[in-house]
Amino acid sequence: MTGDLDVPEGDESYLDDEGDAGPPAATVLDGRVLRQRLDVLPVRAPSVYAPAATVTQAIRGMQRERRGCVLITEDGTERTRLTGIFTERDVLFRIVDRGRNPASLPLAEVMTPDPETVPHEASVAWVINQMAVGGYRHVPVVDDEGRPVFVISVRDVVELLVEYFPQEILNLPPQYSADRMREREGA
0 MTGDLDVPEG DESYLDDEGD AGPPAATVLD GRVLRQRLDV LPVRAPSVYA PAATVTQAIR
60 GMQRERRGCV LITEDGTERT RLTGIFTERD VLFRIVDRGR NPASLPLAEV MTPDPETVPH
120 EASVAWVINQ MAVGGYRHVP VVDDEGRPVF VISVRDVVEL LVEYFPQEIL NLPPQYSADR
180 MREREGA
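When you line the sequence shown up against numbering that gives the first Met the number 0, it's residues 0 to 186, in that order.
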């Protein structure tokens, strides 16, 4: 027996949600989650541009599709090899910080060429490792020929974690909400 509960040792069935509509909620976050393939993450087709596309075109696409990056391929389609990635950080550090004009600036001049990628059969742990070690917020996923399949973002990983702890994360009390008293700066 375990503690005050009248449950046989090793039996964790009391953690399972019962009577809940829809698929059963995950109750244990362990190493098995990290060994799962990337397709357990919420993914979408990548936003792809050609190297000659302008920064303005890419930024508008990022805004329209609510993404933090675009991928660059040889011909601007998913049918050819990935040649680069252009992210929000590139906008800040390679364009705004240097006073460049995004309207006429081709992506080829400001993208990160030959970005780190993971193969489509990679595990969740592998992409998290790439993000942690490389400091990336976005990691392109490619097929065997190096063509883009999708992009994993830090947000995708966070959404996976929220699936394991929906009650604990989505139902927090308002103690850290925006209506908390804040000190004003200035006069």
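Glycine included, every Cβ here is placed at the ideal spot set by N, Cα and C.
1. Give the range of the beta strand (DSSP E) segment to which glycine 83 is assigned.
2. Which runs of the beta strand (DSSP E) at least 3 residues long sit entirely within the segment 84-170? Give them in chain order.
3. Taking all protein chains shown into account, do 16 or more other C-beta atoms lie within 10 angstroms of the C-beta of threonine 72, making it buried, or fewer, making it exposed?
4. By DSSP, does threonine 76 sit in helix, in strand, or in coil?
5. Report buried or exposed for leucine 160, applying the criterion of at least 16 other Cβ atoms within 10 angstroms of its Cβ.
6. Expressed to the nearest angstrom, what Euclidean distance is found between the alpha-carbon atoms of tryptophan 125 and glutamate 167?
7. Taking 8 Å as the cut-off, decide whether the C-beta atoms of threonine 55 and proline 101 are in contact.
8. Ends of the alpha helix (DSSP H) at glycine 67?
9. Taking the continuous alpha helix (DSSP H) assigned at valine 32, which residues delimit it?
10. Should serine 152 be labelled buried (16 or more other beta-carbon atoms within 10 Å of its own) or exposed?
11. Express the C-alpha separation of glycine 98 and methionine 110 in angstroms, rounding to a whole number.
Result, derived from the coordinates:
1. Counted from its first residue, the sequence shown places residue 83 at position 84. Its beta strand (DSSP E) spans residues 81-86.
2. Those beta strand (DSSP E) runs which fall completely within the segment 84-170 and span 3+ residues are 137-141, 147-152.
3. Reading the sequence shown from its first residue, position 73 is the one you call residue 72. Residue environment for threonine 72: buried (at least 16 other C-beta atoms within 10 angstroms of its C-beta).
4. Mapped onto the sequence shown, residue 76 falls at position 77. If DSSP states are grouped into helix, strand and coil, threonine 76 belongs with coil.
5. Counting from one through the sequence shown, the residue named residue 160 turns up at place 161. Exposed: under 16 other Cβ atoms inside 10 Å.
6. Start at 1 with the first residue of the sequence shown, and residue 125 comes out as number 126. Start at 1 with the first residue of the sequence shown, and residue 167 comes out as number 168. Computed Cα separation, rounded: 26 Å.
7. Taking the sequence shown and counting its residues from 1, one reaches residue 55 at position 56. Taking the sequence shown and counting its residues from 1, one reaches residue 101 at position 102. In contact: threonine 55 and proline 101 (Cβ atoms closer than 8 Å).
8. As a working mapping, residue 67 is identified with position 68 in the sequence shown. Run containing glycine 67: none; DSSP gives neither H nor E here.
9. Position 33 of the sequence shown, counted from the start, is the residue given in the question as residue 32. Valine 32 -> alpha helix (DSSP H) spans 30-34.
10. If you number the sequence shown from 1, residue 152 lands on position 153. Burial call: buried.
11. The count along the sequence shown starts at 1 and reaches residue 110 at position 111. The count along the sequence shown starts at 1 and reaches residue 98 at position 99. Spanning the two alpha carbons is a distance of roughly 16 Å.
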